[in-house]
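K.L.:
Numbering (the working numbering), first residue to last: 27 to 505. Just so it is clear, CB atoms sit at the ideal spot from N, CA and C, and this is done for glycine as well. All of these numbers come straight from a predicted model, not from anything done at the bench. Dumping the structure here so I can ask a few things about it.
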Amino acid sequence: MYDNVNEKNADIPKEEIERQRAFISKIKDLNDEFEKKYSRKKTMFISTFGCQMNAHDSEKINGMLKAMGFADSDSEKNSDFVIYNTCCVRENAENKVYGNLGYLKHAKETNPFMKIALCGCMMQEDNVIETIRKKYRHVDIVFGTFNLYKLPELIYTNIETGNPVFDIWREHREIVEDLPSIRKYKFKSSVNIMFGCDNFCSYCIVPYVRGRERSRCSCDILNEIKGLAEDGVKEITLLGQNVNSYGKKLDENIDFAKLLRKVNEIDGIERIRFMTSHPKDLSPELILAMAECEKVCNHIHLPFQAGSDRILEKMNRKYTKEKYLKLVEDIRNAVPDISVTTDIIVGFPGETKEDVDETIDVIEKVRFNGAFTFIYSKRTGTPAAVMENQVPEKDVKEQFNRVLEKLNPIVFEKNKAHIGKVFKVLAEEVSGSGADFITGRLEDNSIVHFKSDKDVIGKIVDVEIVGSKTFYLIGERRI
Ligand code: SF4
C-alpha cells in the first residue's frame, strides 16, 4: 500500500504543480486509450458537502479531472470515478458520507472500472481514517485539506500499484497557486484569499482540520481576479474562514479593508461579496471601505452564534452581546440599506432557557434579513465536546423552535419590504420551479425567481419585486 501520513509541515515548491501536470497528462493518455477500446469516455461524479470553501475546492477537482479526460456523469453509481469532498462541521454530513459509501460498495461490484476517492475536512480526523481503513476497504484514494493539488499523482499511483492510497498531512504552510479549475458559473466566481483559522471557537473543528491561518499575497489574488474579469466574471466572492483577519501574517502592508479597495478598482468586476466575517476582527476601516467601495454589495454575513455573554465566553468568541449590537449599528450607520445575515447555534453545552432569551433579544434588536440556525453538534476533539451539561435533545428542540418562531416572521417581513421596488438582479440559472423562470440574486443577496428567457443568464437586469416568501422573492423583469 502506498501510504503517506506526514506529521510535519510541508514545504511545497511551486514547481510541484508542473509535476502534477505531468501526472494529468499521463492519466489523460490512459483515459484516451480507454475511450478507443470501449468507445466511451471514462466518467466522473463529484459530490460536495459543506461550505463555499469546499464548493470552490470542488471546482479545482473538476478542473483537474476534466484535464485528465473524464466526462461528467449525472449519477454516482454509473461513474468510473466518484469523489466525495467531505465536511465535518456537523455530524449528519459525516453520516451521509458513510451511508453513501455503503451504497457505492454494491455499485463498485458491478463496475470493475470504478474508483472511489474521499477528500476534505472529514479526512483530517484520525477516527475517520481508522473507520475507512477498517470498514470501507473499497475506497481507493483518501487525502485531506492540505494536499488537494496532489490528486493527479494520487490517482496515478493508485492506477499503477492497484493499491489504496492514503495521503493525509497534518499541516501546510505554503499556498499552491494555479491549479486547473472549472467554474460552475461563467459570470461569477469565488476566490480564496486565505486558508485556515486561528480562532479556536470551542465548538468548531475547522482549525484542527484546515490548519492555521495563511493569507495569499495580494498580488496573486488581484491577478486571479483580473484574469476572471477578462474571462467575463462580473461577481466575485472573497473567501476565507475569517476574512477580517486577512493579511495579518503577510510581510506586505495589507489588511482586508485595503484588499477590498484594490479589488474595487478592477475593471469588469461589478459586484464584490465576501465571507465569513468574525465580529471580533471587523475593523472601522473595513466598515468605511464597505461604505465607499461602490462594487461591494450591500450585504454582510456576520455570525453571532449566541446572545448570552456567558455562552459567548464558553464558545471562545471573544465579543459580547453589547459589542455585537454596537457593531451592527456602526455598519448600518455607514451602509444604511445593508442586509445583515447571521449564524445561530442553539443547544451549546450549559445553555439555559434564559441564555436563549438573550439570543432572541439579539434577533429582535437586529432584525436579521436571514439566518442559518443550527442545533449544536458535538464534534470529537473540540473543547465543547467534553464540557459538562450537554443539553438533552428534547430541550434543545424546544429552544430551537422558540428561536425560529421569532426569526422567521422577521425575515418574512424584511423580504416583504422589497415588494413594489425595482432592483438590479444578477440572473444565475434556470429556476427549479419551472423552465420559464430564472433564479437571480439581488445585491443584498436575496434570491428572486422571475419569468424570462434563458439568454438573460449571466446578465444584471432590472426586476420589480411583486411577491415574497420567507426564503425568496418573486419578481417581474422590467426592460
Ligand atoms: S472563526 Fe470560529 S467558527 Fe469560524 S472557522 Fe474559525 S474556529 Fe470555526
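1. For K440, I'd like the list of residues in its chain whose CB is within less than 6 Å of its CB, leaving aside the five on either flank, ordered along the chain.
2. Please tell me whether G484 and K212 are closer than 8 Å, where the distance is taken between their beta carbons.
3. Tell me where the alpha helix (DSSP H) around E102 begins and ends.
4. Is it true that the CB of F282 sits closer than 8 Å to the CB of L312?
5. Out of G188, L180 and I280, state which residue places its alpha-carbon closest to the alpha-carbon of R45.
6. Decide yes or no for the touch test of the stretch 286-298 against the stretch 327-341: beta carbon pairs closer than 8 Å, at least 3 of them.
7. What do you get for G125, buried or exposed, if any count of 16 or more other CB atoms within 10 angstroms of its CB means buried?
8. Under a three-way DSSP split, which group does N342 fall into?
9. Alpha carbon to alpha carbon, how far is P138 from K495? Give it in angstroms, no decimals.
10. For E469, count neighbouring C-beta atoms within 10 Å of its own C-beta (all shown protein chains included) and say buried if the count is 16 or more, exposed if not.
11. To which residues does DSSP link V322 through a beta bridge?
12. Alpha carbon to alpha carbon, what distance is there between I158 and L265?
13. Tell me which same chain residues have a C-beta within less than 7 Å of the C-beta of Y28, skipping the five on either side of it?
14. Taking DSSP's pairing of strands, which residues face M220 in a bridge?
15. Quick check: the Cα distance between I231 and C145, rounded to an integer number of angstroms?
16. Out of curiosity, what's the CA-to-CA distance linking G95 and K54?
17. Looking at I389: is its Cβ nearer than 8 Å to the Cβ of K442?
18. Go to F398, then tell me how far its beta strand (DSSP E) extends in each direction, as first and last residue.
19. In the DSSP assignment, find the unbroken alpha helix (DSSP H) run with R504 in it and report its ends.
20. Compute every distance between the C-beta of C230 and the non-hydrogen atoms of the ligand ADP, then say whether any falls below 7 Å.
21. How close, in whole Å, do the beta carbons of V123 and I142 come, if the pair is a contact with beta carbons under 8 Å?
22. Quick one: Cα of N30 to Cα of N104, how far?
23. What does the Cβ neighbour count give for I371, buried or exposed, with the cut at 16 atoms within 10 Å?
P.N.:
Inspection of the coordinates gives the following:
1. The sequence position of residue 440 within the sequence shown is 414, counting from 1. So the qualifying residues of the chain are N395.
2. Within the sequence shown, residue 484 is the residue found at index 458, counting from 1. Within the sequence shown, residue 212 is the residue found at index 186, counting from 1. Going by C-beta atoms, G484 is nearer than 8 Å to K212.
3. Taking the sequence shown and counting its residues from 1, one reaches residue 102 at position 76. E102 -> no alpha helix (DSSP H), and no H or E assigned at all.
4. Stepping through the sequence shown from its first residue, residue 312 is reached at position 286. Stepping through the sequence shown from its first residue, residue 282 is reached at position 256. A contact, by the Cβ cut-off of 8 Å.
5. Position 19 of the sequence shown, counted from the first residue, corresponds to residue 45. The option with the nearest alpha carbon to R45 is L180.
6. no
7. On the sequence shown, position 99 is the one that residue 125 refers to. It counts as exposed.
8. Residue mapping note: residue 342 aligns to position 316 of the sequence shown, counting from 1. In the structure shown, N342 sits in coil (DSSP, three-state: anything other than H, G, I, E or B).
9. For the purposes of this step, residue 495 is taken as the residue at position 469 of the sequence shown. For the purposes of this step, residue 138 is taken as the residue at position 112 of the sequence shown. The alpha-carbon atoms of K495 and P138 are separated by roughly 48 Å.
10. Indexing the sequence shown from 1 puts residue 469 at position 443. By the neighbour-count rule (16 or more Cβ atoms within 10 Å), E469 is buried.
11. Position 296 of the sequence shown holds residue 322. DSSP, once it has assigned bridges, lists I298 as partnering V322.
12. By one-based count along the sequence shown, residue 265 stands at place 239. By one-based count along the sequence shown, residue 158 stands at place 132. Taking the straight line joining both Cα atoms gives about 30 Å.
13. Here the question's residue 28 lines up with position 2 in the sequence shown. The predicted position of Y28 is uncertain, since its pLDDT is 38 and thus under 50; no value can be drawn from it.
14. For the purposes of this step, residue 220 is taken as the residue at position 194 of the sequence shown. Note: M220 sits in a beta bridge opposite S241.
15. For the purposes of this step, residue 231 is taken as residue 205 along the sequence shown, with counting starting at 1. For the purposes of this step, residue 145 is taken as residue 119 along the sequence shown, with counting starting at 1. When rounded, the distance between both Cα atoms is 16 Å.
16. The residue you call residue 95 lines up with position 69 of the sequence shown. The residue you call residue 54 lines up with position 28 of the sequence shown. Going by the C-alpha atoms only, they are around 5 Å apart.
17. Walking along the sequence shown from the start, residue 389 turns up at place 363. Walking along the sequence shown from the start, residue 442 turns up at place 416. No, they are not a contact pair.
18. The sequence position of residue 398 within the sequence shown is 372, counting from 1. Counting along the chain, the beta strand (DSSP E) containing F398 begins and ends at G396 to I401.
19. Locating residue 504 in the sequence shown gives position 478, counting from the first residue. Premise fails: R504 lies in the beta strand (DSSP E), L499 to R504, not in any alpha helix (DSSP H).
20. Ligands displayed in this structure: the ligand SF4; the ligand ADP is not among them.
21. Counted from its first residue, the sequence shown places residue 123 at position 97. Counted from its first residue, the sequence shown places residue 142 at position 116. With a Cβ gap of about 11 Å, V123 and I142 do not count as contacting.
22. Start at 1 with the first residue of the sequence shown, and residue 30 comes out as number 4. Start at 1 with the first residue of the sequence shown, and residue 104 comes out as number 78. Here the model assigns N30 a pLDDT of 40, short of 50, so the residue's position is not dependable, and the following value carries that caveat. Distance between the alpha carbons of N30 and N104: 30 Å.
23. Mapped onto the sequence shown, residue 371 falls at position 345. Classification for I371: buried.
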